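All the letters of the sequence shown, read from the start, carry residue numbers 1 to 275 under the UniProt record's numbering. The C-beta atom is built at its ideal place from N, Cα and C for all residues, glycine as well. If you're wondering where the values come from, they're calculated on a predicted model, not measured in any experiment. The block underneath contains the structure these notes are about, expressed in structure tokens.
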Amino acid sequence: MKLGQPLPVLMYHHISPKPGLVTCSPENFRAQMEWLKKNGWKTLSTATFAAALASGQIPKKSVLITFDDGYLDNWIYAHPVLQEFGLQATIFLITGWIGDGEKRPHAGQSNVPDVPNHKQAMSAAAVGQFDATFMCWSEIEAMRTAGTAEFHSHTHSHTRWDHQIADQSKRDAALADDLAKSRATLSHRLGQASPHLCWPQGYFDSHYQQVAKAAGFTHLYTTEPGVVRRDLDLTRIPRLVVKDKPAAWFGQRMALYGQPLLSALYLGLKSGKAH
1 MKLGQPLPVL MYHHISPKPG LVTCSPENFR AQMEWLKKNG WKTLSTATFA AALASGQIPK
61 KSVLITFDDG YLDNWIYAHP VLQEFGLQAT IFLITGWIGD GEKRPHAGQS NVPDVPNHKQ
121 AMSAAAVGQF DATFMCWSEI EAMRTAGTAE FHSHTHSHTR WDHQIADQSK RDAALADDLA
181 KSRATLSHRL GQASPHLCWP QGYFDSHYQQ VAKAAGFTHL YTTEPGVVRR DLDLTRIPRL
241 VVKDKPAAWF GQRMALYGQP LLSALYLGLK SGKAH
């Protein structure tokens, strides 16, 4: 059985000088992006990614870079690096947490605003204080115009409905409403409803999948580790966590992820089964 060309989907959250959970420093992020550029890797849009999966023709040295949540530090620290190297990312937004306002300065400009660490960001979000933690629509539009990112759904409220509602039918209805609001917000703000959805905290079950497909989502992203191959189940797209490590570590991992047999062996050893 041929394994087929693998395609890594990388997962980031914060790019910030403040250490914390799910955080990569600006220095290491820049080194990682520079490595991709120097070594001939191409970042895909979700449309190109979907087309490659549909055709079964996965190009070598191709990668999908994803960010979860839509933190302000993505604009301040990730955007200028992506722009420097001509790379593109996919950012999954919690649409109900994105507000209006003027663009704030990003790295390389003066008066760059302070950003919270992950713990502070979650504490602020818990009490509805989103402006100093998450991007605003003007920053999202600026990234779209620059070609450094495209934006898709991470739900509207980031709620784990399985933790909130015991009754299955009511839970499904709440999720359906949440997803409908997310798609409507993206359509209103960006001109199109997204078929790409990333699950909050990586949680999903068969009911979640059915509700998402009924809502119009065709590509569902998880936190399950693995590389994408041509026989992928589009309702369980795996992703790879990128650590706060320098280019040497990143290059070694990408070399593994880009090889059919090596990626299967390496990820199989880490998880107990091949992905």
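| Check | Outcome |
| --- | --- |
| Tell me the DSSP secondary structure of T66 in three-state form. | strand |
| What do you reckon, are the CB atoms on S182 and P6 nearer than 8 Å? | no |
| Please return the same chain residues whose Cβ sits closer than 6 Å to the Cβ of V56, not counting the five positions on each side in sequence. | For the sequence presented, residue 56 should be read as Gly rather than Val. If we look at G56 and ignore the five residues flanking it on each side, its Cβ neighbours are R230. |
| Name the residue from Q120, H158, M33 whose alpha carbon lies nearest to the alpha carbon of A247. | M33 |
| Runs of 3 residues minimum, wholly inside the segment 3-85: which ones carry the beta strand (DSSP E) assignment? | 9-12, 62-69 |
| So which of M135, D131, G99, T46 has the shortest CA-CA distance to H79? | M135 |
| When you compare the CB positions of T222 and W199, do they come within less than 8 Å of one another, or not? | yes |
| Would you call the CB atoms of V22 and H118 closer than 8 Å? | yes |
| What is the rounded straight-line gap between the Cα of Q252 and the Cα of K42? | 17 Å |
| Would you call the segment 52-66 and the segment 108-123 in contact, with 3 or more CB pairs under 8 Å? | no |
| Near G101, what residues of its chain come up, given a Cβ to Cβ distance below 6 Å and the 5 sequence neighbours on each side ignored? | C136 |
| Under three-state DSSP, which class holds Y203? | coil |
| Cutting at 7 Å between CB atoms, please list the residues of its own chain near A50, excluding the five before and the five after it. | H219 |
| Only counting runs of 4 or more residues, tell me where the alpha helix (DSSP H) segments fall wholly within the segment 113-170, in order along the chain. | 118-126, 137-146, 161-164 |
| Quick one: Cα of S187 to Cα of A193, how far? | 4 Å |
| How about V227 and Y257: do their beta carbons lie closer than 8 Å? | yes |
| Count the other CB atoms, across all protein chains shown, that sit within 10 Å of the CB of residue 329; report buried if there are 16 or more and exposed otherwise. | Examination of residue 329 is not possible in this model, given that the chain is present from 1 through 275 alone. |
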